[in-house]
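Colleague: If you're matching them up, the sequences are chains A and B in order.
The first sequence runs 1 to 195 under UniProt numbering.
The second sequence runs 1 to 81 under UniProt numbering.
Even glycine gets a Cβ: it sits at the ideal position worked out from N, Cα and C.
The model shown is predicted, which means the values in this text are computed figures rather than measured ones.
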Amino acid sequence: MMEQNCDANINLSNTCLDPEAQLLADFQAGDMRAFSRLYDSHIHILFNYGCKLTTDRELLRDCIHDVFVKMHSRRDCITDINNIRSYLFISLKNKLCDEMRKRIYMSDTPVEEYSSISGEEDVEEDYISSEGMKNDKSMVKRLLSQLSPRQREALTLYYIEERKYEDICEIMNMNYQSVRNLMHRGLLKLRTLAG
Amino acid sequence: MDKRILYTVDDYLKDDDFIIAVLDHDSAKLSQWEEFLRHCPMQEALFNEARDVLQGLPNEQLLSEAEAASLKDSIWKSVLV
């Protein structure tokens, strides 16, 4: 398409598009066969990458669906793709993070711990899903006031301001494990107080 | 503080600069990571682990061919309406 007139004096390998770039150019020109080949050649690696970020296969399939649909609808605008693989990975990662944040599944649990939900996570889940806690702001306020100032700060940053652990570490000038411990103790205390 | 000091494998896998450096072999991004690891050598093992995850992905097929085909169908239905 763009590279039809290769200058004979220039090394051909630098001027002609490689097969993947050609495929991308064909797709952007509206060729559905190229779109089909892009899907076939990336779907498995993309799915495997997604499995590193979530265990929810249904969510992952939905997000991959949306990534390809969006890529198709924006094919005229996405001119700055250098590498289709990294474009798809980053799009999927952003989509998954958005969806997980929406579902309050967003946790900064390291990927290797993701499949084994520990008791600590259950305490957090219980806390979040407790309707009484959600609906009664004054009760939350009263309970929070009984925590130590550091515990209250960490829990407020995480659950109310929805900050990431990294941000909380920075704001509170503490390391990752200390923040986790602080929050864990705070949640246990809340649970006891609310129980 | 550079937030990457606290990075887990999961954080690397979600970092755009990391994805581009590893998948595209982008030399500018790669040298930024090398610079970071020089200042923060304790992150090297996690960095390498995440890189191996990203580069080693095609080894297993977690989505069946039938699932891949049905997902493709639903994408086509959405784009062809």
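What do you get for A21(B), buried or exposed, if any count of 16 or more other CB atoms within 10 angstroms of its CB means buried?
Modeller: Burial call: buried.
Colleague: For the alpha helix (DSSP H) containing D98(A), list its first residue and its last residue.
Modeller: 84-102
Colleague: Taking the C-alpha atoms as reference points, what is the distance between L62(B) and F47(A)?
Modeller: Answer to the nearest angstrom: the Cα atoms are 7 Å apart.
Colleague: Quick one: list the residues of chain B neighbouring residue 208(A), beta-carbon separation under 7 Å, in chain order.
Modeller: Since the first residue of chain A shown is 1 and the last is 195, residue 208(A) is not available in this structure.
Colleague: Quick check: the Cα distance between S91(A) and I78(A), rounded to an integer number of angstroms?
Modeller: When only Cα atoms are considered, S91(A) and I78(A) end up about 12 Å apart.
Colleague: Please report the straight-line C-alpha distance between R4(B) and Q151(A), rounded to a whole angstrom.
Modeller: Spanning the alpha carbons of R4(B) and Q151(A) requires a straight line of approximately 24 Å.
Colleague: Classify L188(A): buried if its beta carbon has 16 or more other beta carbons within 10 angstroms, exposed otherwise.
Modeller: exposed
Colleague: If you follow the alpha helix (DSSP H) that H72(A) is in, where does it begin and where does it stop?
Modeller: 57-73
Colleague: Please tell me whether K52(A) has its Cβ less than 7 Å away from any Cβ of chain B.
Modeller: Among the CB atoms of chain B, one or more fall inside 7 Å of the CB of K52(A).
Colleague: Quick one: any contact between the region 20-37 of chain A and the region 46-54 of chain B, if contact means 3 or more CB pairs under 8 Å?
Modeller: Put simply, the region 20-37 of chain A does not touch the region 46-54 of chain B. Fewer than three CB pairs are less than 8 Å apart.
Colleague: Cutting at 8 Å between CB atoms, please list the residues of its own chain near F36(B), excluding the five before and the five after it.
Modeller: D2, R4, Q43
Colleague: Just to make sure I have the definition right: I need the residues of chain B whose C-beta is within less than 7 Å of the C-beta of I90(A). Which are they?
Modeller: D16, I19
Colleague: With a threshold of 7 Å between beta carbons, is A66(B) in contact with chain A?
Modeller: no
Colleague: Quick one: what does DSSP say E67(B) is sitting in, helix, strand or coil?
Modeller: Secondary structure at E67(B): helix, using DSSP grouped into helix, strand and coil.
Colleague: Using a 10 Å radius around the Cβ and a threshold of 16 neighbouring Cβ atoms, would you call G186(A) buried or exposed?
Modeller: buried
Colleague: When the Cα of S86(A) is compared with those of V81(B), S31(B), L54(B), which residue comes out closest?
Modeller: L54(B)
Colleague: With a threshold of 7 Å between beta-carbons, can I171(A) be considered close to chain B, or not?
Modeller: Not one chain B Cβ lies under 7 Å of I171(A).
Colleague: Using CA atoms only, rank isn't needed, just tell me which of I81(A), R75(A), C97(A), E20(A) is closest to residue 204(A).
Modeller: Given a span of 1 to 195 for chain A in the structure shown, any question on residue 204(A) remains unanswerable.
Colleague: Over the uninterrupted alpha helix (DSSP H) stretch that includes F172(A), give me the two end residues.
Modeller: Checking the displayed sequence, the identity of residue 172(A) turns out to be Met instead of Phe. Run containing M172(A): 165-172, per the alpha helix (DSSP H) assignment.
Colleague: Measure from the alpha carbon of G50(A) to the alpha carbon of each residue in V67(A), F35(A), L155(A), S36(A), then state which is nearest.
Modeller: Checking every option, the nearest Cα to that of G50(A) belongs to V67(A).
Colleague: Name, going along the chain, the residues of the region 36-56 of chain B whose beta-carbon falls closer than 8 Å to a beta-carbon of chain A.
Modeller: V53, L54
Colleague: Which of helix, strand or coil does DSSP assign to I43(A)?
Modeller: helix
Colleague: Give the single residue among R57(A), N83(A), L53(A) whose Cα lies nearest to the Cα of H25(B).
Modeller: N83(A)
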